[in-house]
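Colleague:
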Amino acid sequence: MSDQISFDDFLKVDIRVGRIVEAEEFPEARKPAYKMKIDFGPEIGVKKTSAQITKHYTPETLIGKLVMAVVNFPPRQIGPVMSEVLTLGVPDDEGEVVLLTPDKDVPIGGRLY
(Lines of atoms letter the chains of each structure in order from A and count residues from 1; the text may use other names and numbers.)
(Lines give C-alpha, C1' and ligand atoms only; values in the text may rest on other atoms or scores of the structure.)
Protein backbone atom coordinates (compact mmCIF):
# COMPACT_ATOMS: atom_id res chain seq x y z
CA MET A 1 0.00 0.00 0.00
CA SER A 2 1.20 3.53 -0.76
CA ASP A 3 1.65 6.30 1.78
CA GLN A 4 -1.53 7.95 3.00
CA ILE A 5 -2.57 11.19 1.31
CA SER A 6 -5.10 13.81 2.25
CA PHE A 7 -8.45 14.19 0.52
CA ASP A 8 -7.16 17.50 -0.86
CA ASP A 9 -4.27 15.58 -2.48
CA PHE A 10 -6.78 13.21 -4.10
CA LEU A 11 -8.79 16.14 -5.45
CA LYS A 12 -5.70 17.40 -7.29
CA VAL A 13 -5.84 14.35 -9.59
CA ASP A 14 -8.43 15.08 -12.31
CA ILE A 15 -9.76 11.73 -13.53
CA ARG A 16 -12.40 11.94 -16.27
CA VAL A 17 -14.39 9.61 -18.48
CA GLY A 18 -13.66 9.80 -22.18
CA ARG A 19 -14.67 7.97 -25.34
CA ILE A 20 -11.97 6.52 -27.59
CA VAL A 21 -12.53 7.99 -31.06
CA GLU A 22 -9.35 6.76 -32.79
CA ALA A 23 -7.01 3.83 -32.14
CA GLU A 24 -4.17 2.50 -34.24
CA GLU A 25 -1.02 0.39 -34.02
CA PHE A 26 2.06 2.12 -32.59
CA PRO A 27 4.94 0.24 -34.25
CA GLU A 28 7.56 2.75 -33.03
CA ALA A 29 6.86 1.89 -29.38
CA ARG A 30 9.44 -0.23 -27.51
CA LYS A 31 6.68 -2.53 -26.20
CA PRO A 32 3.48 -3.34 -28.15
CA ALA A 33 1.08 -0.40 -27.81
CA TYR A 34 -1.66 1.58 -29.50
CA LYS A 35 -1.92 5.30 -30.24
CA MET A 36 -5.33 6.67 -29.32
CA LYS A 37 -7.40 9.83 -29.38
CA ILE A 38 -9.93 10.16 -26.57
CA ASP A 39 -12.81 12.66 -26.52
CA PHE A 40 -13.48 14.16 -23.09
CA GLY A 41 -16.22 16.55 -24.22
CA PRO A 42 -16.27 20.28 -24.94
CA GLU A 43 -14.51 21.41 -21.72
CA ILE A 44 -11.37 19.30 -22.29
CA GLY A 45 -11.64 18.20 -25.92
CA VAL A 46 -9.90 15.36 -27.74
CA LYS A 47 -6.54 14.28 -26.28
CA LYS A 48 -3.80 11.97 -27.61
CA THR A 49 -2.20 9.13 -25.70
CA SER A 50 -0.61 5.73 -26.08
CA ALA A 51 -1.20 2.59 -24.07
CA GLN A 52 0.29 -0.89 -23.79
CA ILE A 53 -3.06 -2.66 -24.02
CA THR A 54 -2.54 -4.97 -27.00
CA LYS A 55 -3.14 -8.22 -25.07
CA HIS A 56 -6.88 -7.70 -24.49
CA TYR A 57 -7.84 -5.11 -27.12
CA THR A 58 -7.61 -4.42 -30.84
CA PRO A 59 -7.93 -0.96 -32.41
CA GLU A 60 -11.37 -1.96 -33.68
CA THR A 61 -12.68 -2.99 -30.25
CA LEU A 62 -11.37 0.22 -28.67
CA ILE A 63 -13.33 2.63 -30.88
CA GLY A 64 -16.32 3.95 -28.93
CA LYS A 65 -15.14 2.46 -25.62
CA LEU A 66 -15.53 4.59 -22.49
CA VAL A 67 -12.33 4.81 -20.42
CA MET A 68 -11.06 6.62 -17.35
CA ALA A 69 -7.98 8.83 -17.64
CA VAL A 70 -5.97 11.39 -15.69
CA VAL A 71 -6.32 14.62 -17.68
CA ASN A 72 -4.18 17.03 -15.65
CA PHE A 73 -0.69 15.52 -15.87
CA PRO A 74 1.74 17.51 -18.03
CA PRO A 75 2.15 16.11 -21.57
CA ARG A 76 4.85 13.44 -21.88
CA GLN A 77 6.81 12.44 -24.95
CA ILE A 78 6.43 8.70 -25.71
CA GLY A 79 8.59 8.10 -28.77
CA PRO A 80 7.06 10.17 -31.58
CA VAL A 81 3.76 10.66 -29.68
CA MET A 82 3.10 13.46 -27.20
CA SER A 83 0.87 11.76 -24.64
CA GLU A 84 -1.60 14.25 -23.16
CA VAL A 85 -3.50 11.97 -20.74
CA LEU A 86 -2.86 8.80 -18.72
CA THR A 87 -5.41 6.10 -19.52
CA LEU A 88 -6.07 4.02 -16.40
CA GLY A 89 -6.08 0.26 -16.06
CA VAL A 90 -5.39 -2.56 -13.66
CA PRO A 91 -3.38 -5.77 -14.15
CA ASP A 92 -5.05 -9.09 -14.84
CA ASP A 93 -3.65 -12.29 -13.30
CA GLU A 94 -0.83 -12.28 -15.90
CA GLY A 95 0.05 -8.62 -15.39
CA GLU A 96 -1.62 -7.46 -18.63
CA VAL A 97 -3.57 -4.19 -18.60
CA VAL A 98 -7.36 -4.20 -18.34
CA LEU A 99 -8.83 -0.73 -18.88
CA LEU A 100 -10.95 0.96 -16.21
CA THR A 101 -14.36 1.64 -17.70
CA PRO A 102 -17.71 2.77 -16.30
CA ASP A 103 -20.19 -0.12 -16.17
CA LYS A 104 -22.97 2.10 -17.57
CA ASP A 105 -23.09 4.56 -20.46
CA VAL A 106 -22.27 7.92 -18.85
CA PRO A 107 -21.65 11.39 -20.34
CA ILE A 108 -18.07 11.99 -21.43
CA GLY A 109 -16.12 14.51 -19.40
CA GLY A 110 -17.59 13.36 -16.09
CA ARG A 111 -15.14 13.60 -13.21
CA LEU A 112 -14.39 10.69 -10.88
CA TYR A 113 -15.37 11.32 -7.26
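The numbers in the UniProt record's numbering rise by one with no breaks, and the one at position 40 of the sequence shown is 40.
Beta carbons: idealized from backbone N, C-alpha and C, even for Gly.
What does a CB cutoff of less than 7 angstroms around residue 80 pick up in its chain, not counting 5 residues either side in sequence?
Modeller: 28
Colleague: Which ranges would you report for the beta strand (DSSP E) in the UniProt domain "TRNA-binding" (9 to 113) if only whole runs of at least 3 residues count?
Modeller: 15 to 25, 34 to 39, 46 to 51, 66 to 70, 76 to 78, 81 to 83, 89 to 91, 97 to 99
Colleague: Return yes when the C-beta of residue 29 is under 7 angstroms from any heavy atom of the ligand NAP, and no when it is not.
Modeller: Ligands in the displayed structure: none, and consequently the ligand NAP is not present.
Colleague: Of the choices 89, 5, 14, 9, whose alpha-carbon is the least far from that of residue 101?
Modeller: 89
Colleague: Hey, out of 68, 86, 93, 78, whose CA is closest to residue 105's CA?
Modeller: 68
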